[in-house]
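Visitor: In my numbering, the protein residues as written are 5 to 199. For every residue, glycine included, the Cβ atom is placed at its ideal position computed from N, Cα and C. Small disclaimer: the values here were computed from a predicted structure and weren't measured.
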Amino acid sequence: MDWIIAVAQQPSTSSSPVWLSAVLGGVGAMVGGGLTSTVAWRVLSDTKKARKRAEEKDATATITAALLEVRQTYRNSEVGSGPTPEDFDSWADYFLSKLGTAEVAVMTFHNEALRKRLTSSLELLIWGAYDEQLLHETHLGSARAVAYAAHRDALACLGANLRSEALPEAAEAWKAADGQLQWQFEQERRAEEGE
5 MDWIIAVAQQ PSTSSSPVWL SAVLGGVGAM VGGGLTSTVA WRVLSDTKKA RKRAEEKDAT
65 ATITAALLEV RQTYRNSEVG SGPTPEDFDS WADYFLSKLG TAEVAVMTFH NEALRKRLTS
125 SLELLIWGAY DEQLLHETHL GSARAVAYAA HRDALACLGA NLRSEALPEA AEAWKAADGQ
185 LQWQFEQERR AEEGE
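This is the structure in structure tokens:
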């Protein structure tokens, strides 16, 4: 690049072709334009990544807050067997009210595997943790055991995403509960469609 500038700054002599200045000016404009475009693209790319990261951090905070609130409910109540909280017809309605914002926040994540794992954990907390059939088939024993597996998996996945790590292997209790719940969902779908 320096040699181009040096040649362009030399005084014009009769032995230098006139077109050389025009060619050097064109080359300089192309190089400068290319560098400007590259820098602008890089800044735009970095801005998109930063915005995406900020959105995912906000989603993580929303989901974590909802999970911690629901965890307290499982610790302090006989979920599924005890009376439902006031103003709610069922435990599912109660958990939907607490985890609805978390379900929406899951859509923010760009990683499909993360979205699936978080959705499954939230479904376990809303529908499956206190389901008698799920508890019987998985031999997990109590709603708290299923809720604990769902909480641990969701928080482990969120942490891995924040650290830009691969998703952790799901625990056996989580796999068993999720597999049973998905099977039950499929049976309900088939029954509704008359299969």
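1) Pick helix, strand or coil for HIS114, following the three-state DSSP scheme.
2) Please identify the residue among ARG193, TRP178 and GLU59 whose C-alpha is closest to the C-alpha of LEU138.
3) Using only alpha-carbon positions, find the residue among GLU116, LEU129 and ASP91 that is nearest to ALA106.
4) Hey, quick one: how far does the alpha helix (DSSP H) through ALA133 stretch, first residue to last?
5) Specify the secondary structure class of LEU171 as computed by DSSP and reduced to three states.
6) Between the alpha carbons of ILE67 and LYS120, how many angstroms are there, rounded?
7) Is the segment 63-83 touching the segment 142-161, taking contact as three or more C-beta pairs under 8 Å?
8) Does the contact criterion of 3 or more C-beta pairs under 8 Å hold for the segment 110-120 versus the segment 165-178?
9) For the 8 Å Cβ check, are there 3 or more pairs between the segment 77-90 and the segment 169-177?
Guide: Based on what the coordinates show:
1) As a position in the sequence shown, residue 114 is number 110, starting the count at 1. HIS114: coil per DSSP, three-state reduction.
2) What you label residue 138 is simply residue 134 of the sequence shown in a count that begins at 1. Answer by Cα proximity: TRP178.
3) The residue you call residue 106 lines up with position 102 of the sequence shown. The shortest Cα separation from ALA106 among GLU116, LEU129 and ASP91 belongs to LEU129.
4) Against the sequence shown, residue 133 aligns to sequence position 129. Element bounds for ALA133: n/a, residue is neither H nor E.
5) Position 167 of the sequence shown, counted from the first residue, corresponds to residue 171. Three-state result, LEU171: coil.
6) For the purposes of this step, residue 67 is taken as residue 63 along the sequence shown, with counting starting at 1. For the purposes of this step, residue 120 is taken as residue 116 along the sequence shown, with counting starting at 1. If you take the alpha carbons of ILE67 and LYS120, they lie about 14 Å apart.
7) yes
8) yes
9) no
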